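The sequence shown runs 1 to 358 under the UniProt record's numbering.
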Amino acid sequence: MNYILRPEVIWIEGRCYRINDPNTEVSALQEHDLYEDEITFQDAGDDDSDDDFEIIEIDSNRFSTNLHVSKHYIGSIIGKKGIMRSRIERDTRTNIKIPKQGEAGDITILGPSVTNVKAARRRINIIIMSSRMKQTPTHFISIPLNDPIIMENFEKFKQIVLQEVKGVDESLFIKSQKLHITIGVMCLMDNEERLQASKLLSEAKDKIIMPLIQENLPLRIRLKGLSYMNDDPKNIHVLYGNVEDEAGTDIIQTIADDLVNFFYKAGFMRINEYGRDRVKLHVTLLNSKYKSKSTNNDETSTTGRNVKEAFDGSEILNKFVDYDFGVTEITNIHLSQRKTFGADGYYQPTFVVTLNNN
1 MNYILRPEVI WIEGRCYRIN DPNTEVSALQ EHDLYEDEIT FQDAGDDDSD DDFEIIEIDS
61 NRFSTNLHVS KHYIGSIIGK KGIMRSRIER DTRTNIKIPK QGEAGDITIL GPSVTNVKAA
121 RRRINIIIMS SRMKQTPTHF ISIPLNDPII MENFEKFKQI VLQEVKGVDE SLFIKSQKLH
181 ITIGVMCLMD NEERLQASKL LSEAKDKIIM PLIQENLPLR IRLKGLSYMN DDPKNIHVLY
241 GNVEDEAGTD IIQTIADDLV NFFYKAGFMR INEYGRDRVK LHVTLLNSKY KSKSTNNDET
301 STTGRNVKEA FDGSEILNKF VDYDFGVTEI TNIHLSQRKT FGADGYYQPT FVVTLNNN
């Protein structure tokens, strides 16, 4: 019943839309489920308080706007045999010009009024965002914890565990240079989308982060204590370190929650993805997906994917549940690329905001 009472929604240009079933492929008969109600279109008016795009008046009865769309989503907008585009054009009384395959350029929307053009643009955006949420994440917002003290204490922890706990494979441990807090993940399909996400993070610094922390700098956290993601300590996939605000405030949690909400409303992130009302602040220390193929016997599922083999973390928890990795100051927040690393061993940044008063 939860999916009925709390359906998944997406935000497009300051408006909220329901997605009936994000796991169902969109067919010609279902495409209307992605759209706002027809009443919304009729009553949309010319309110542009949430619009940050330009609509040009070509002549007395023609208006136009351009919309960047990654090539990965063009097919979804056109639809099978062009049905999706035709429906949008018919319902909004617009003409949608889409670059041909292999051609660069934006989508152009032409219509008899600003209202029509806006309605068509919103419908296209809903299709894009619905498709985006089904893609494998390419980027994430992270708080780096590759502080020398934290890394040194983590390496000590790793060596003690390997010496005192039998059956723990070294490949389960994250590399100390990659220690981080994950705020949220997203899929960015091309350079333009990466620029949009970078701009959002820059805006978030001014609108969200600095107003919260400017009277509380420096912002320090302590990485202390161990926990795990499931109910059985003998069958763990992720063992993580707990994050504590050294000043005893809720600022870091608030920043994380507000950042996810900010990107969610822009259509780049999911919210409450794991049924949580707040971001789970943690630092992954051991993960079964890190286990080397040689020790995992190259086990694969019937789909050909590597099978993650859980590990017994009960003894680690018994001996080191209150392990203190130390205190570090949070100096920046990254838009990081997954599976890509810089010279320092940390995830390659697409964009970085520095937490200072300048």
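Note that the Cβ used here is the ideal one computed from N, Cα and C, for glycine as well.
A quick note: this is a predicted structure, and the numbers were derived from the prediction, not measured.
Measure the C-alpha to C-alpha separation of residue i and residue j and round it to an integer number of angstroms.
i: Arg222; j: Met129; result: 36 Å
i: Ala204; j: Leu259; result: 7 Å
i: Lys97; j: Ile141; result: 34 Å
i: Val165; j: Phe173; result: 14 Å
i: Ile251; j: Glu57; result: 46 Å
i: Ile208; j: Arg276; result: 21 Å
i: Gln159; j: Gly167; result: 13 Å
i: Thr284; j: Gly241; result: 6 Å
i: Gly267; j: Gly105; result: 22 Å
i: residue 364; j: Tyr264; result: Nothing can be reported for residue 364, as the shown portion of the chain is limited to 1 through 358.
i: Thr65; j: Arg85; result: 16 Å
i: Glu244; j: Arg220; result: 9 Å
i: Ile77; j: Thr249; result: 46 Å
i: Phe157; j: Ser171; result: 14 Å
i: Gly82; j: Glu152; result: 58 Å
i: Phe63; j: Gly111; result: 5 Å
i: Asp169; j: Lys291; result: 7 Å
i: Ile107; j: Arg87; result: 16 Å
i: His282; j: Ala310; result: 19 Å
i: Lys224; j: Lys319; result: 14 Å
i: Leu200; j: Gln163; result: 46 Å
i: Gly14; j: Gln196; result: Low per-residue confidence applies at Gly14: pLDDT is 49, beneath 50, and the placement is therefore not dependable, though the value from the model is reported in the following sentence. Their Cα atoms are separated by approximately 16 Å.
i: Gln337; j: Ile55; result: 33 Å
i: Lys100; j: Ile74; result: 10 Å
i: Leu335; j: Ile127; result: 24 Å
Do the CB positions of residue i and residue j come within less than 8 Å of each other?
i: Leu145; j: Leu226; result: no
i: Val327; j: Ser202; result: no
i: Ser198; j: Thr350; result: yes
i: Asp312; j: Lys234; result: yes
i: Ile143; j: Ile181; result: yes
i: Glu155; j: Ser176; result: yes
i: Ser70; j: Met189; result: yes
i: Lys308; j: His237; result: yes
i: Arg132; j: Thr92; result: no
i: Asp257; j: Arg278; result: yes
Check each candidate in the options and name the one with the smallest Cα separation from residue i.
i: Glu246; options: Tyr228, Leu217, Phe157; result: Leu217
i: Val161; options: Lys280, His334, Leu286; result: Leu286
i: Pro211; options: Leu195, Thr254, Ile88, Gly105; result: Thr254
i: Ile213; options: Thr340, Thr331, His72; result: Thr331
i: Glu103; options: His68, Ala120, Met84, Lys156; result: His68
i: Lys280; options: His237, Lys308, Tyr228, Phe325; result: Tyr228
i: Asp147; options: Glu329, Gln337, Glu193; result: Glu329
i: Phe262; options: Asp232, Ile183, Gln101; result: Ile183
i: Asp231; options: Ile83, Ser314, Arg270; result: Ser314
i: Tyr347; options: Lys80, His139, Glu152; result: His139
i: Ile149; options: Asp324, Lys339, Leu335, Ile333; result: Asp324
i: Leu239; options: Ser76, Ser288, Glu215; result: Ser288
i: Asn191; options: Met269, His72, Phe320, Lys339; result: His72
i: Ile333; options: Asp206, Ala310, Lys224; result: Asp206
i: Asn356; options: Ser336, Glu215, Arg121, Ala120; result: Glu215
According to the neighbour-count rule (16 or more other Cβ atoms, all chains shown, within 10 Å of its Cβ), is residue i buried or exposed?
i: Glu342; result: Looking at the sequence shown, residue 342 is not Glu but Gly. That one is exposed.
i: Phe53; result: exposed
i: Ser60; result: exposed
i: Asp344; result: exposed
i: Asn116; result: buried
i: Lys118; result: buried
i: Asn125; result: buried
i: Thr94; result: buried
i: Asn339; result: The sequence given here has Lys at residue 339, not Asn. Exposed.
i: Lys80; result: exposed
i: Lys134; result: exposed
i: Arg90; result: exposed
i: Asp298; result: Because Asp298 carries a pLDDT of 41, less than 50, the predicted location of this residue cannot be relied on, and the following value inherits that uncertainty. Looking at its Cβ environment, which holds fewer than 16 other Cβ atoms inside 10 Å, Asp298 is exposed.
Give a yes or no on whether 8 Å exceeds the smallest Cβ distance from residue i to chain C.
i: Gln163; result: Note that chain C does not occur in the displayed structure, where there is just one protein chain.
List the endpoints of the continuous beta strand (DSSP E) containing residue i.
i: Met186; result: 180-186
i: Gln337; result: 332-341
i: Tyr240; result: 238-245
i: Leu286; result: 282-287
i: Gln348; result: 347-354
Since residue i is in the alpha helix (DSSP H), which residue starts that stretch and which ends it?
i: Ser130; result: 114-132
i: Arg87; result: 83-92
i: Ser76; result: 71-78
i: Asn66; result: Element bounds for Asn66: not the alpha helix (DSSP H) but the beta strand (DSSP E), 62-67.
i: Leu212; result: 210-213
i: Lys199; result: 191-204
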